[in-house]
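Everything in the sequence shown is counted per this note's numbering, starting at 63 for the first residue and increasing by one.
The beta-carbon is built from N, C-alpha and C at its ideal position, and this holds for glycine as well.
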Amino acid sequence: MGRTLQNTMINLGLQNACDEAVYQLGLDMEELEEIEEDAGLGNGGLGRLAACFLDSMATLGLAAYGYGIRYEYGIFNQKIRDGWQVEEADDWLRHGNPWEKARPEYMLPVHFYGRVEHGATGTKWVDTQVVLALPYDTPVPGYMNNTVNTMRLWSARAPNDFNLRDFNVGDYIQAVLDRNLAENISRVLYPNDNVSRDGGVPVLETAKGDIIRRFKASKFGSTESVRTVFDSFPDQVAIQLNDTHPAMAIPELMRIFVDMEKLPWNKAWDITKRTFAYTNHTVLPEALERWPVDLVEKLLPRHLQIIYEINQRHLDHIASLFPNDVDRLRRMSLIEEGGTKRINMAHLCIVGSHAVNGVAKIHSEIVKTQVFKDFAALEPEKFQNKTNGITPRRWLLLCNPGLAELIAEKIGEDYVRDLSQLGKLHEFVDDDVFIREVAKVKQENKVKFALYLEKEYKVKVNPSSMFDVHVKRIHEYKRQLMNCLHIITMYNRIKRDPAKLFVPRTVIIGGKAAPGYHMAKMIIKLINAVAQVVNNDPVVGSKLKVIFLENYRVSLAEKVIPATDLSEQISTAGTEASGTGNMKFMLNGALTIGTMDGANVEMAEEAGEENLFIFGMRVEDVTELDREGYNAQEYYDRLPELKQAIDQISSGFFSPKEPDLFKDVVNMLFYHDRFKVFADYEAYVRCQEKVSELYLNSKAWTKMVIRNIAAAGKFSSDRTIKEYARDIWHVEPSDLKIPPPNQPRDAVEDKTPNGTAA
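Next comes the structure, spelled out in structure tokens:
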């Protein structure tokens, strides 16, 4: 979620008033804002997307709740020591959190372990261990519409009789200490982006109980049950699963309907399917969650039985359509046999949902034709696309007020709620005054960021150099290594001919590596080792600087993105589901160098491919290369500059004290590089030459920037959420501005239609 203070002031229309008031107290608002900790309760793009969606849902007047876990420790703080990533605990609640309100009155029990009894009165899950789920509510204000939604995060608490009910426990002290075992559930965020976590306890069962309670209550805020018929449930409630992480919600809702509300299975299943929808966020096989059956059997025995029953009926249905196709049954089963039996959580989500979507056109095609092709063949109408977006409130108004104001002067202020209006900027592409002003805002942002770098990192950068920025989680598929090879190539060119004209660059790379991901940590070390050599070579001087941005997070993104000239979006085609950083850079006046992957494809479609620096293999080329067999050696043999760079890395040129420090990296690049860095190296370097050439012509560069900003309208999360609302949740967004709290409400009260709560 990042920081909340400035975002709240902007959405409430109070920023200027607050700035002035604080100034009169002799304080500086910006200094005050810097004190707030980021709420870093997710790993990267997927978590930030949820935050943008909450902002858009409130702005569009949807009655929506964001459910999640209130991690005591969020994504780790990254320190760079001697070029290596070191993790520190993110104790973000150390000084308290003024934005949250604990709601003990809505506390719910969550059951674990125990056993299942089948009796005449139905099925009972007994002898369980109980953990309490305590909700904390954080307000989510819409933009200037007096609407405030709720983000409800759940914290695990041990009940007071925890471990003390067993009268034989003589050790009272130990029993109290053991409360930590229960409360550890919400202690710390798993920092693995795109890696399956085997296990991870589903605290989000609580969400289901909370939703059921709200559905049953007749009156707002009441806890008394009134409704007992569930036929209208899917018309009143929509639950969107943000990837497979909350997949256990499906068997949990079934358990409530079948075991507790005594609904017949078929009716319960019909309601459940019509309630859930699933968004897929990755095609990397190692990121698809597969939970060991024996873990679930121990922890949630009733849920496992329900999953088996869902699977049985699902497979019976398939067998009736495709008799004797055993391999299809194996491919489509929710349970994977062979070795340890595992539950395929994505299959559970698809079978238990009425809609499945990818997050960019190209990704949704891959989902349909490759990853889940058997399911798409069975129910093609279930599969949709919803291209991701970003909130223009945080990612333009808040982080780039200079540019936001400049745009407002030209086209008015309405674009903040309807970003498609940026299209009007096309009229000003040839307006010399506007071109100069856009360039001036960018330059001011660069100077400001350069001062920040000097203060925080003690490095001097040249603000008139091209700011070439690559910030995102460190992962092989995102190919920070390819950027690194380009840096080495530029370095070698300067050394070869120091007198030759060179367009000065400051290359900024940032992002966190999962603590257990060895290769990602080696990539960080390599970038820092290369920076060490480049930044201290007198021949290079100010022509080339390399900076690794420590502890990349939302509040740092808000500083670096507005200062960026060139945005690096260089994943292997077919691996980045969408990307959202790409959109933030586009909206903030950077040009994109990128592959035809994720939302880059749609950005090129909107702006015209000639206004992005597109290079490298397309999805078809990658598929073709896989068919032939990718041989890294042949690129190394054919491309002298690539050979030189790789030889320098292997020989210890960048690590003289430990010459074979990077042998794992080099070995990977030659023999098991799934993401084919060498195959795109030549096209990438060539494309970078075109970037430098254009940068020399400031006016032509800025005109291309304006064309990009003018084409960024599609990538508002408001547009994305309108599509979810209409195509999946079946609710209508409202631009009704409800009266502020100091005006009487009764006039409006009876006109509010009952809509679905998402």
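Suppose the cutoff is 6 Å on Cβ atoms and the five residues either side in sequence are ignored; what does the same chain contact list for residue i look like?
{"i": "N613", "result": "N139, Q140"}
{"i": "D356", "result": "none"}
{"i": "N598", "result": "none"}
{"i": "N33", "result": "With the chain covering only 63 through 820, there is no way to say anything about residue 33."}
{"i": "P264", "result": "With a pLDDT of 46 at P264, under the threshold of 50, the predicted position of this residue should be treated as unreliable, though the coordinate-derived value follows. Closer than 6 Å at Cβ, skipping near neighbours: M310."}
{"i": "Q68", "result": "E95, L460"}
{"i": "K534", "result": "K540, G573, G643"}
{"i": "R567", "result": "S527, M528, D530, L606"}
{"i": "A151", "result": "Y135"}
{"i": "C80", "result": "M71"}
Measuring straight from C-alpha to C-alpha, what distance separates residue i and residue j?
{"i": "L346", "j": "P354", "result": "19 Å"}
{"i": "V425", "j": "E667", "result": "Before going on, a small fix: residue 425 reads as His here, not Val. Taking the straight line joining both Cα atoms gives about 15 Å."}
{"i": "S779", "j": "L111", "result": "8 Å"}
{"i": "A809", "j": "L798", "result": "Annotation note: pLDDT 49 at A809 (below 50); position unreliable, no value reported."}
{"i": "E351", "j": "P313", "result": "16 Å"}
{"i": "N105", "j": "S717", "result": "31 Å"}
{"i": "I274", "j": "M316", "result": "12 Å"}
{"i": "A101", "j": "R375", "result": "42 Å"}
{"i": "P829", "j": "M766", "result": "Lying before the first or after the last residue shown, residue 829 is absent from the chain, which here runs from 63 to 820."}
{"i": "P525", "j": "L391", "result": "60 Å"}
{"i": "K163", "j": "D199", "result": "5 Å"}
{"i": "E690", "j": "K186", "result": "56 Å"}
{"i": "V413", "j": "T654", "result": "38 Å"}
{"i": "G130", "j": "Y340", "result": "16 Å"}
{"i": "Q432", "j": "K607", "result": "42 Å"}
{"i": "V388", "j": "A408", "result": "20 Å"}
{"i": "G262", "j": "L383", "result": "Note that G262 has pLDDT 46, beneath the 50 cutoff, so the model's placement of it is unreliable and the number below is only indicative. Computed Cα separation, rounded: 36 Å."}
{"i": "Q367", "j": "F445", "result": "28 Å"}
{"i": "R336", "j": "N450", "result": "23 Å"}
{"i": "V509", "j": "S248", "result": "41 Å"}
{"i": "E323", "j": "F677", "result": "57 Å"}
{"i": "L513", "j": "V172", "result": "50 Å"}
{"i": "A120", "j": "G128", "result": "11 Å"}
{"i": "G660", "j": "R241", "result": "45 Å"}
{"i": "N844", "j": "V521", "result": "Outside the displayed span of the chain (63 to 820) sits residue 844, for which this structure offers no information."}
{"i": "H532", "j": "N554", "result": "21 Å"}
{"i": "N759", "j": "I536", "result": "33 Å"}
{"i": "S796", "j": "G464", "result": "30 Å"}
{"i": "R615", "j": "Y252", "result": "16 Å"}
Given residue i, which residues of its chain have a CB within under 7 Å of its CB, disregarding the five upstream and five downstream residues?
{"i": "M730", "result": "M581"}
{"i": "L459", "result": "I72, A466, V478"}
{"i": "Q710", "result": "I550, F716"}
{"i": "L108", "result": "N304, D305, H343"}
{"i": "N673", "result": "M766, R769, N770"}
Since I believe residue j is in contact with residue i (beta carbons under 8 Å), could you give me their beta-carbon distance rounded to a whole number of angstroms?
{"i": "F647", "j": "C749", "result": "No, F647 and C749 are not in contact; Cβ-Cβ is about 16 Å, not under 8 Å."}
{"i": "G485", "j": "A772", "result": "6 Å"}
{"i": "M213", "j": "L194", "result": "That pair is no contact at about 20 Å."}
{"i": "P197", "j": "R219", "result": "Wrong, their Cβ atoms sit about 11 Å apart, outside the cutoff."}
{"i": "K776", "j": "L122", "result": "In fact, because the Cβ distance is near 16 Å, the residues do not count as touching under 8 Å."}
{"i": "M544", "j": "Y743", "result": "6 Å"}
{"i": "F496", "j": "K472", "result": "7 Å"}
{"i": "L611", "j": "V622", "result": "7 Å"}
Can you name the residues that DSSP bridges to residue i?
{"i": "Q302", "result": "A339"}
{"i": "N447", "result": "G420"}
{"i": "G181", "result": "G184"}
{"i": "I131", "result": "W216"}
{"i": "R404", "result": "P354, E398"}
Going by alpha carbons, who is nearest to residue i out of the options?
{"i": "P203", "options": "V663, L124, V429", "result": "L124"}
{"i": "H488", "options": "R132, A182, T764", "result": "T764"}
{"i": "R498", "options": "L468, K752, W457", "result": "L468"}
{"i": "V747", "options": "S760, C546, D476, F115", "result": "C546"}
{"i": "I800", "options": "V413, E359, N662, T209", "result": "T209"}
{"i": "T66", "options": "F319, A113, V418", "result": "A113"}
{"i": "L215", "options": "L103, G670, D233, N246", "result": "L103"}
{"i": "L396", "options": "V531, S629, C411", "result": "C411"}
{"i": "D559", "options": "Y757, A591, A381, V602", "result": "V602"}
{"i": "L515", "options": "G464, K562, I556, I571", "result": "I571"}
{"i": "A330", "options": "H365, F292, Y786", "result": "F292"}
Less than 8 Å between C-beta atoms, sequence neighbours within five positions excluded: which residues of the same chain meet that for residue i?
{"i": "D476", "result": "Q483"}
{"i": "V428", "result": "Correcting the residue type first, residue 428 is Ile in the shown sequence and not Val. Within the same chain, I428 has close Cβ partners V345, G420, G636, V681."}
{"i": "D726", "result": "H580, M581, M584"}
Let me check you understand the geometry: is the CB of residue i closer than 8 Å to at least one non-hydrogen atom of the ligand COA?
{"i": "R689", "result": "This structure does not include the ligand COA; it has no bound ligands of any sort."}
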